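> As you go down the protein sequences, you meet chains A and B in turn. Be aware that the first sequence starts at 1068, since it is given in my numbering, and climbs by one per residue. Be aware that the second sequence starts at 1068, since it is given in my numbering, and climbs by one per residue.
Number of protein chains: 2
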Amino acid sequence: LLSSIAEASQCSVKGLPLIRNISELPQDNYGRGGLSHITIAGSVMHGMKEVELWLQTFAPGSATPIHRHSCEEVFVVLKGSGTLYLATNSHEKHPGKPQEFKIYSNSTFHIPVNDAHQVWNTNEHEDLQILVVISRPPVKVFIYEDWFMPHTAAKLKFPYYWDEQCFQVPQKDEL
Amino acid sequence: LLSSIAEASQCSVKGLPLIRNISELPQDNYGRGGLSHITIAGSVMHGMKEVELWLQTFAPGSATPIHRHSCEEVFVVLKGSGTLYLATNSHEKHPGKPQEFKIYSNSTFHIPVNDAHQVWNTNEHEDLQILVVISRPPVKVFIYEDWFMPHTAAKLKFPYYWDEQCFQVPQKDEL
Ligand SMILES: [Zn+2]
Ligand SMILES: [Zn+2]
């Protein structure tokens, strides 16, 4: 019951204070090793329809999947450093060998729409903490196992909700 | 000539590096006392179509105008503290007396669409630094001189570009 209440409190848009302390927001790794994800403003939790804002921390050696999406995405690096891998030739049958870009504290970048990309904490000494802005939630994402996987084999995940477990909370707890 | 080059460099989406150091981005007060505004990702400078991201610093005592807009807006307070004034009864003929909310470092909030609001650095000892996310640029904003100005008298500003001077750069410098 306690766990059910805790879970519900991560899902309800009602009853949330207008001003929220980010350090008190729920965080989870959503099954991804080395990740801490906090939804600062999200469609399910906060009723956002046009933008979402996330705070993500990657332990040394951890990374996002290789993926692409048609929504816009802006990153701000708050702490640490790492590498952005970006395949700009997504017109081909597969993403192909990506370009590498060093990312660092107080840097920003945005991902060209539909380009396959991956953010990797390649700094073995420090966490990488980033703010992520995306448009038009929920994200419709194509996930690749490697850079030479054909686009036609990429795994579609839609809707990609961080808080999708909210949809599995039974409407009537008493049953 | 130097100034013309500097100005053009703030306006061109071309030639910008993919990874940008936020502390090296152009900042301006755009005629508003106490403000420092940096467009981290914008429609004019970076070709964003669905979201913009700004970094704004308010000196003690400075504030945004009282305003409302139909786009979504999310704030993250990075440094300092202050007050959010929010009139949620915008159905009336004027915004009316706003509610006051204390905002503080590492807090977040979003503005209900079309509610009149104002962010004020009411801390006389410290700058207030905020990250601002907005959807659907450019912003179409209605500006109020006070909370009891009728909606019909609010001043419409559209498009509200921070970098609107970019549109005034002559296409052909040599003429
Ligand atoms: Zn992405
Ligand atoms: Zn606003």
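Built from N, CA and C at the ideal position, the CB exists for glycine as well. Since this is a predicted model, take the numbers as computed values, not measurements.
Which residues in the same chain have their Cβ closer than 7 Å to the Cβ of A/D1182, if we skip the five residues on either side of it in sequence?
The count along the first sequence starts at 1 and reaches residue 1182 of chain A at position 115. These residues qualify, in order along the chain: R1135, L1153, A1154, T1155, S1157.
> Considering only residues of the same chain and omitting the five flanking positions on each side of A/L1223, which have a CB-CB separation below 6 Å?
Translated into positions along the first sequence, residue 1223 of chain A becomes position 156. Same-chain partners within the cutoff: F1209.
> Residues in its own chain within less than 7 Å of B/S1202 by CB, not counting five upstream and five downstream?
Within the second sequence, residue 1202 of chain B is the residue found at index 135, counting from 1. Hits under 7 Å: E1117, V1118, C1138, E1139.
> What is the C-beta distance between A/I1178 and B/S1174, in whole angstroms, given that I count them as a contact (C-beta under 8 Å)?
By one-based count along the first sequence, residue 1178 of chain A stands at place 111. By one-based count along the second sequence, residue 1174 of chain B stands at place 107. Contact doesn't hold; Cβ gap of about 28 Å is too wide.
> Which whole runs of the beta strand (DSSP E) in the segment 1107 to 1189 of chain A are 3 residues long or more, in chain order?
Whole beta strand (DSSP E) segments, 3+ residues: 1118 to 1125, 1133 to 1136, 1140 to 1146, 1148 to 1154, 1166 to 1171, 1174 to 1177, 1183 to 1187.
> Which residues have a Cβ closer than 6 Å to any heavy atom of ligand 2, listed in chain order?
Spelled out in chain order, the answer is B/H1134, B/H1136, B/E1140, B/I1178, B/H1184.
> Counting C-beta neighbours from all protein chains within 10 Å, is the total for A/F1142 16 or more, i.e. buried, or is it exposed?
Position 75 of the first sequence, counted from the start, is the residue given in the question as residue 1142 of chain A. Buried, by the Cβ-count rule.
> So A/L1122 and A/I1107 are in contact, right, with Cβ under 8 Å, and what is the actual spacing, rounded?
For this step, residue 1122 of chain A is matched to residue 55 along the first sequence. For this step, residue 1107 of chain A is matched to residue 40 along the first sequence. Indeed they touch by this definition, with Cβ atoms about 6 Å apart.
> Buried or exposed: where does B/H1184 fall if 16 or more other Cβ atoms within 10 Å of its Cβ makes it buried?
Here residue 1184 of chain B is taken as the residue at index 117 of the second sequence, counted from 1. Buried: at least 16 other Cβ atoms inside 10 Å.
> Excluding five sequence neighbours on each side, which residues of the same chain lie with their C-beta closer than 6 Å to the C-beta of A/L1242?
What you label residue 1242 of chain A is simply residue 175 of the first sequence in a count that begins at 1. Annotation note: pLDDT 41 at A/L1242 (below 50); position unreliable, no value reported.
> Grab me the residues of A/Q1166's own chain with a C-beta within less than 6 Å of its C-beta, minus the 5 sequence neighbours each way, in chain order.
On the first sequence, position 99 is the one that residue 1166 of chain A refers to. Result list for A/Q1166: L1153, in chain order.
> Can you tell me whether B/N1096 is buried or exposed, with buried defined as 16 or more other CB within 10 angstroms of its CB?
On the second sequence, position 29 is the one that residue 1096 of chain B refers to. B/N1096 is exposed by the Cβ-count criterion.
> Tell me the DSSP bridge mates of B/D1095?
By 1-based counting over the second sequence, the position of residue 1095 of chain B is 28. In the DSSP output, where bridge partners are listed per residue, B/D1095 has B/H1104.
> How about A/T1211 and A/I1133: do their beta carbons lie closer than 8 Å?
Working through the first sequence from its first residue, we reach residue 1211 of chain A at position 144. Working through the first sequence from its first residue, we reach residue 1133 of chain A at position 66. Residue identity differs from the one stated: residue 1211 of chain A is Tyr in this sequence, not Thr. In contact: A/Y1211 and A/I1133 (Cβ atoms closer than 8 Å).
> With distances taken between CB atoms, is the gap from B/F1168 to B/L1151 smaller than 8 Å?
As a position in the second sequence, residue 1168 of chain B is number 101, starting the count at 1. As a position in the second sequence, residue 1151 of chain B is number 84, starting the count at 1. Yes, these two residues count as a Cβ contact at 8 Å.
> Kindly list the residues whose CB is nearer than 6 Å to the CB of B/W1187, restricted to its own chain and excluding five residues on each side of it in sequence; keep chain order.
For the purposes of this step, residue 1187 of chain B is taken as residue 120 along the second sequence, with counting starting at 1. A1130, G1149, T1150, listed in sequence order.
> Chain B partners of A/H1177, CB-CB under 8 Å?
For this step, residue 1177 of chain A is matched to residue 110 along the first sequence. Those are A1108, H1113, M1115, listed as they occur along chain B.
> Candidates A/S1090, A/Y1171, A/K1160, A/G1163: which alpha carbon is nearest A/K1146's?
Position 79 of the first sequence, counted from the start, is the residue given in the question as residue 1146 of chain A. For A/K1146, the nearest C-alpha among the options comes from A/Y1171.
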